[in-house]
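Student:
Residue numbers (the UniProt record's numbering): 1 to 128.
1. Residues in the same chain with beta-carbon distance under 6 Å from residue 78, minus the five sequence neighbours each way, listed in chain order, please.
2. Among the candidates 96, 14, 40, whose CA atom is the shortest distance from the CA of residue 129?
3. With distances taken between CB atoms, is the gap from residue 66 to residue 27 smaller than 7 Å?
4. Between the beta-carbon of residue 47 and the beta-carbon of residue 90, is there less than 7 Å?
5. Assuming residue 71 contacts residue 19 (C-beta within less than 8 Å), just tell me the rounded distance between them.
6. Do you know how far the Cα of residue 34 is from the Cα of residue 131?
7. Sorted by chain position, which residues of the same chain lie with C-beta nearer than 8 Å to residue 104's C-beta, five sequence neighbours on each side aside?
8. Using the rule of at least 16 other Cβ atoms within 10 Å of the residue's Cβ for burial, across every protein chain shown, is residue 110 buried or exposed?
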């Protein structure tokens, strides 16, 4: 019988592998549908939360209120402060990380704990 740690590691590796093979962000439901084994939604959310705490993934909240996750690539010093734009297509509903970086200002008297930049429109694939 496998230990719980081994099974969790296998599931974590599967989630990491799924996220690494996509060009856009994925919701927990998208990840569940892409899993080659049956995994419940709670387990997926726990894995994603663990990854976010470690700085392995970041997420953006889409227009529909869902969280969309992507593997991190140089997220910066503070994992919750992302200085890039996410684009959500109104047609295909894909949310993608964009290479554009933004300057996050210091706000006197305020402490910024998290940033999310979402731009909504029509992607180049759907324009055609």
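Idealized CB from N, CA, C, for every residue including glycine.
Tutor: On the basis of the supplied data:
1. Against the chain shown, residue 78 aligns to sequence position 78. Confidence in residue 78 is poor, its pLDDT being 49 and thus under 50, which makes the residue's placement unreliable; the coordinate value appears in the next sentence. No residues qualify anywhere along the chain.
2. Past the boundaries of the shown model lies residue 129; the chain is included only from 1 to 128, so the question cannot be answered.
3. Taking the chain shown and counting its residues from 1, one reaches residue 66 at position 66. Taking the chain shown and counting its residues from 1, one reaches residue 27 at position 27. Contact flag set, yes.
4. For this step, residue 47 is matched to residue 47 along the chain shown. For this step, residue 90 is matched to residue 90 along the chain shown. Result no, Cβ atoms of residue 47 and residue 90 do not sit closer than 7 Å.
5. Counted from its first residue, the chain shown places residue 71 at position 71. Counted from its first residue, the chain shown places residue 19 at position 19. That belief holds up - the Cβ atoms of residue 71 and residue 19 are roughly 5 Å apart, short of 8 Å.
6. Nothing about residue 131 can be read from this structure; the chain reaches only from 1 to 128.
7. Along the chain shown, read from residue 1 onward, the residue named residue 104 stands at position 104. Excluding the 5 residues flanking it on each side, residue 104 has same chain C-beta neighbours closer than 8 Å at 81, 83, 112, 115, in chain order.
8. Counted from its first residue, the chain shown places residue 110 at position 110. With fewer than 16 other beta carbons inside 10 angstroms of its own, residue 110 counts as exposed.
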